[in-house]
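Residue numbers (the working numbering): 88 to 431. We treat Cβ as the ideally placed atom computed from N, Cα and C, and that holds for glycine. The structure displayed is predicted, hence computed values, not measured ones. Notes follow once the structure below has been shown.
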Amino acid sequence: MSLTRRHLSLVGRGLGALVIVTCVSLTIAVIAAGVLGATALLVVGTGLTLLSVLFFPVLEGTWIVNFWDLPPTTVVAAAIGIGFVALPVVYLRPVRAEIRAFERTIAEPGASADDRHPELAAASRKLAAQAGIPEPDLRIVNRRRPESYAIGGRTGGTIVLTRGLIRELDDAERVAVLAHEIAHLANDDSRFMRRLLVPLLVAERIEVDERPTLNRVHGVSPISHGGRLLAWGVLTAVTTGQERLCELGIGLFSRGREFAADRAAAELTGSPGALASALETLDDSRGPPTQDKREYARSTSTLDILPPAKRSRNRFFRTHPETARRIERLKTMAETAQETRTAS
88 MSLTRRHLSL VGRGLGALVI VTCVSLTIAV IAAGVLGATA LLVVGTGLTL LSVLFFPVLE
148 GTWIVNFWDL PPTTVVAAAI GIGFVALPVV YLRPVRAEIR AFERTIAEPG ASADDRHPEL
208 AAASRKLAAQ AGIPEPDLRI VNRRRPESYA IGGRTGGTIV LTRGLIRELD DAERVAVLAH
268 EIAHLANDDS RFMRRLLVPL LVAERIEVDE RPTLNRVHGV SPISHGGRLL AWGVLTAVTT
328 GQERLCELGI GLFSRGREFA ADRAAAELTG SPGALASALE TLDDSRGPPT QDKREYARST
388 STLDILPPAK RSRNRFFRTH PETARRIERL KTMAETAQET RTAS
């Protein structure tokens, strides 16, 4: 495939992911706003009803007494409008805080590479300069499972390598993995992925927050409780559909960016074979942990250089391309480069 066609393919994947997630985001926003607004109107309406009962002689004929007589379209519009005002506070801010906390959890326990592995820190500086970005913060995490992550963007980025990865790879392979992660930072992939994750996490939060208890609450009529269960069932069906669409968009984007980072890493190091060898080694060493399952639970499939051991059965929802396919592409690049050198 020519360089122009590859760029068009990556642009197409990015646009496709944006279209899918934008549509999902708008749908989720309307649903979340409706839920929040309806809850707020119910509370306000109950309060106004109490006021009407207590002060009816004074309030008779006012909108407060006639609140429940408003047209349904007005009530729905008001609910959605109120919900949109409350949406950033109730859902968006907590979700963004959750993502930031998750990223801190990945990187903060690590030690600076300058102290433990100065040769990796020097390689990181050199690769970052080649990629035209500031030097990222390189952290070494004491974890047996071989993993690597890139967090942040072109400025203020962080790269995380685990001790398991450092033990598994030789010097050239480590540099190749570093180049792959620096390519992600240079392309702002992590920040873009964070934006794609927001609507997915909001949908999950709506589903959890609105889940009613199956046992009827004392004082609530069976009809009212049954209606709430039915409403939650419909809401769950909608949010589940939105979650799958979000995962589809994330997978579409992420797979394309992995190919792009592989190619950029090969160009930065001048050695496609080193990254191919690293992927082969890591793929052979991967698998669910046999001792500490908590380590495996902390694995982050979207950010890692390889997919999780438990992969999605449907290729459209996978965050990474098949490792064998990535290795094949890199080996083809290495063969082409060798032929070019031989010819010259």
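Which residues in the same chain have their Cβ closer than 7 angstroms to the Cβ of residue 364, if we skip the five residues on either side of it in sequence?
260
May I ask you to verify whether the region 411–431 touches the region 349–367, counting CB pairs closer than 8 angstroms and requiring at least 3?
yes
With distances taken Cα to Cα, identify the nearest neighbour of residue 185 among 129, 136, 281 and 271.
281
Given a cut-off of 8 angstroms on the beta-carbon distance, is the pair residue 220 and residue 250 in contact?
no
According to DSSP, simplified to helix, strand and coil, what is residue 249?
strand
For residue 370, report the span of its alpha helix (DSSP H) as first-last.
359–372
Quick check on the burial criterion: 16 or more other C-beta atoms within 10 angstroms. Buried or exposed for residue 223?
buried
Would you kindly check if the distance between the Cβ of residue 369 and the Cβ of residue 255 is under 8 angstroms?
yes
Starting from residue 238, trace the beta strand (DSSP E) both ways and give me its first and last residue.
235–238
Under the three-state reduction of DSSP, which class applies to residue 256: helix, strand or coil?
coil
Can you have a look at residue 199 and say buried or exposed, based on whether 16 or more other CB atoms are within 10 angstroms of its CB?
exposed
According to the neighbour-count rule (16 or more other Cβ atoms, all chains shown, within 10 Å of its Cβ), is residue 329 buried or exposed?
buried
Touch check for the region 337–352 and the region 273–288: three-plus C-beta pairs under 8 angstroms?
Output reads yes: the region 273–288 touches the region 337–352.
Taking residue 425 as the reference, which of 412, 240 and 358 has the closest Cα?
358
Sort out for me which residues DSSP pairs residue 227 with in a bridge.
198 and 248
Can you tell me the Cα-Cα spacing of residue 335 and residue 137, whole angstroms?
48 angstroms
Helix or strand or just coil, what does DSSP make of residue 220?
coil
Given that a residue counts as buried once 16 or more other Cβ atoms are within 10 Å of its Cβ, and exposed if not, what is residue 264?
The residue is buried, with at least 16 neighbouring Cβ atoms inside 10 Å.
Among 257, 283 and 208, which one has its Cα closest to the Cα of residue 246?
208
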